[in-house]
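Read the structure below first, then the notes.
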Amino acid sequence: MSPGNQVTFSEQDRSQIRNHGLHEAQILAQLESFLHPPSPLELVRPCTVGDGIRRLNPSEAREMAKIQISEAGKGRCMKFVPASGSASRMFSGLIALRKEGINSLAEVQTRARRGNSNASQVLEFLEGLERFPFYGELAAFMARAGADPASMLGKGRIGELLEALLGPNGMGYEDLPKALVAFHSYGEEVRTSLEEHLVEAAGYVADARGCCKVHFTVSPVYLERFKGVLEQAKSKYEKKLGVSFQIQVSVQDPSTDTLAVDMENLPFRDNEGRLVLRPGGHGALLKNLQETQGDIVFIKNIDNVPHGRFLEEIVFWKRVLGGCLIKLQGEINRVMGLLGLPRPDERSIKMAMELAQDELHLPLPSRKALGSRVEASLRLRGWLDRPLRVCGMVENRGEPGGGPFWVKAPAGNSQLQIVESVEVDLSKESQRAIWLSSTHFNPVDMVCGLRDPHGRPYKLSLFADASRVLVTQKYSGGRELKALEHPGLWNGGMARWNTVLVELPLGTFQPVKTVNDLLRPGHQPGP
């Protein structure tokens with residue numbers, strides 16, 4: 281039975297849907313996705329170096345970096361940073377114990393010995409307290425009340441310390457966006473992750489006039505606060521770095537929100553009987569990416585930014601990725617021009633096939649199956665005339681997240697995709713074995729070519745696989761619900777892009793998923 285036969289929306293529901301920029305037909309289609317979720321992807325094998333992943337030698341890497349420097353000078357580059365995440369997940373262990381009213385260090389130690397993960401996270405946090413970049417701010421805040429972190433910790437009174445850091449009457453870190461959390465210390469100076477992204481961007485997207493284009497996506501909840509901090513940071517680092525920042529800030533469009541359902545796949549409602557419409561995941565940012573009207577766009581998450589002492593290496597490898605894209609884009613455009621001639625010759629068709637197969641790993645039919653020269657030319661142009669991305673891949677060290685795999689395509693051949701674990705049936709032993717044999721991990725460190733050979737922006741939604749929606753289970757007010765996410769931005773959202781994978785050094789990936797990750801060497805001032 282279809283959802284339309286089970287669900288009747290009231291006029292209040294319809295008004296709520298319209299006010300969100302949605303249509304009832306879209307909501308019914310979302311209900312259908314819950315009833316008939318997408319089939320799992322079928323993994324064939326992991327991508328490895330030499331089989332989908334390219335490893336550059338030092339000479340090749342330097343050559344690619346030089347290419348990017350030249351094109352950046354022409355103003356072609358931009359940085360795109362998804363920055364809507366809240367710091368609440370980062371501090372989840374601390375928040376959980378604070379909400380329980382735990383004030384005693386001894387109680388935390390007891391819980392940690394019993395295997396409580398939140399207590400273990402809090403203990404690690406307290407042991408490294410003075411090494412966190414926000415320690416100075418915390419000490420100054422507590423001093424105004426006649427206290428200090430060290431004495432509180434010495435007395436075992438951790439509740440007051442956590443309240444000062446997290447609470448609304450303290451520093452309020454529980455309700456901060458992750459972009460505004462202090463990430464790194466430089467003596468007297470402390471930088472937030474937002475500031476570090478500006479500094480990093482100045483290293484590889486600045487044009488010949490020193491103009492750096494950066495786009496942040498932000499939660500509407502934090503928008504005004506974010507803009508205020510951003511304006512101060514912009515002024516500070518323009519003076520410090522001798523550049524000018526051209527910054528765009530956007531929010532996830534409410535029209536990309538999705539309906540939540542209960543465990544019976546019926547609309548989930550809040551305590552006032554209203555439909556619950558939730559943000560549709562990072563795949564919804566495809567619309568924001570489209571609206572940048574960018575040319576060459578670097579994408580990197582807000583929490584993946586190391587300490588400035590690694591800046592030279594980070595900038596170099598960003599340039600390498602950009603150079604790989606620019607060089608390949610030039611080759612594609614040249615071949616596309618040859619294929620567009622009134623009478624494409626066999627040599628041009630052969631060049632296009634080699635480019636598609638050897639560089640883009642596209643599973644082409646045989647030359648004979650492509651038909652006449654005109655037919656072959658049209659089909660090859662269809663495969664080549666797409667958005668292009670070069671994605672950095674790092675060695676798999678067990679970090680949570682997705683990775684590069686060859687997956688079975690509808691036609692039965694294999695195609696290269698970036699896959700999340702939720703898209704795979706890991707209860708099947710064969711699929712689980714392939715997943716666990718993955719050698720590389722997706723750090724979300726990529727550069728995208730968003731324009732066609734004539735310089736016109738692609739319509740990115742045409743190159744997404746709309747079937748790769750994600751269904752997850754969440755809780756709201758203590759009640760279980762199912763949430764629907766759009767195809768992941770770098771997963772199904774870019775499934776029909778042309779994709780190249782390049783190995784990056786592991787040191788370029790320094791994510792901060794929990795506050796204690798800031799204690800790792802990649803986020804500390806020195807050894």
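Taken in order, the sequence shown gives residues 281 to 807; the numbers are from the working numbering. For each residue, glycine too, the CB sits at the ideal point set by N, CA and C. Only a predicted model underlies this, so the values are computations on that prediction, with no experimental measurement involved.
Round the Cβ separation of residue i and residue j to the nearest angstrom and send it over; I've been treating them as touching at under 8 Å.
i, j, result
"R748", "N771", "6 Å"
"K567", "D542", "The Cβ separation is near 28 Å, so there is no contact."
"L446", "R378", "6 Å"
"K754", "A746", "Actually they are not in contact, since the Cβ atoms of K754 and A746 sit about 22 Å apart, beyond 8 Å."
"L311", "N613", "Not really, about 43 Å apart at Cβ, beyond 8 Å."
"T472", "V461", "6 Å"
"Y502", "P457", "4 Å"
"P805", "S465", "6 Å"
"L644", "M633", "6 Å"
Does DSSP put residue i in a helix, in a strand, or in coil?
i, result
"A763", "strand"
"M673", "strand"
"K435", "coil"
"S390", "Position check: residue 390 holds Thr in this sequence, whereas Ser was assumed. DSSP places T390 in helix when its eight states are reduced to three."
"C327", "coil"
"Q532", "coil"
"S465", "strand"
"P684", "strand"
"T813", "An answer regarding residue 813 cannot be provided, because it is not within the stretch 281 to 807 covered by the chain."
"G284", "Reliability fails at G284, whose pLDDT of 46 lies under 50, so the model's placement of it is uncertain and the value that follows must be treated cautiously. Reduced to three states, the DSSP call for G284 is helix."
"E783", "strand"
"P317", "coil"
"I307", "helix"
"V749", "coil"
"L798", "helix"
"V402", "helix"
"N778", "strand"
"L668", "strand"
"P500", "helix"
"V361", "strand"
"K607", "helix"
"K793", "coil"
"I813", "No statement about residue 813 is possible, as the shown extent of the chain runs from 281 to 807 and does not include it."
"L658", "helix"
"V702", "helix"
"L539", "strand"
"S397", "helix"
What residue range does the alpha helix (DSSP H) around residue i cover?
i, result
"K567", "L566 to E571"
"K516", "L503 to L521"
"E291", "E291 to N299"
"P338", "P338 to A352"
"L730", "Counting along the chain, L730 falls outside any alpha helix (DSSP H), and DSSP gives it neither H nor E."
"Q711", "E709 to L716"
"S473", "S473 to Y484"
"G373", "S372 to K379"
Taking the beta strand (DSSP E) that residue i belongs to, which residues open and close that run?
i, result
"Y738", "Per DSSP, Y738 belongs to no beta strand (DSSP E) and is neither H nor E."
"G768", "Careful: G768 lies outside any beta strand (DSSP E) and carries neither H nor E."
"R334", "G332 to R334"
"L696", "S694 to V699"
Would you say residue i and residue j are within 9 Å of each other, going by their C-beta atoms?
i, j, result
"V577", "Q526", "no"
"T752", "R369", "no"
"F506", "A363", "yes"
"K727", "K607", "As written in the sequence, residue 727 is Val, which differs from the Lys given in the question. Result no, Cβ atoms of V727 and K607 do not sit closer than 9 Å."
"P559", "T572", "no"
"R335", "V782", "yes"
"K359", "E480", "yes"
"P723", "F789", "yes"
"E700", "G681", "yes"
"H641", "G330", "no"
"G365", "I582", "yes"
"G490", "S524", "yes"
"A352", "G553", "no"
"L321", "K688", "yes"
"P547", "V287", "yes"
"I594", "G522", "no"
"L496", "N796", "A quick correction: the sequence has Phe, not Leu, at residue 496. In this structure, N796 does not lie closer than 9 Å to F496 by Cβ."
"S397", "G373", "yes"
"D625", "R647", "no"
To test your reading of the DSSP string, which unbroken alpha helix (DSSP H) runs of 4 or more residues are found completely within the segment 615-655?
Within the segment 615-655, the alpha helix (DSSP H) runs of at least 4 residues that lie entirely inside it are, in chain order, 626-634.
What are the uninterrupted segments assigned as alpha helix (DSSP H) that are 4 or more residues long and contained completely in the segment 407-463, given in chain order?
Listed in chain order, the complete alpha helix (DSSP H) runs (minimum 4 residues) inside the segment 407-463 are 415-423, 429-434 and 438-446.
Can you check the segment 556-605 for any beta strand (DSSP E) of at least 3 residues that lies completely inside it and give the ranges in chain order?
Runs of the beta strand (DSSP E) inside the segment 556-605: 576-580.
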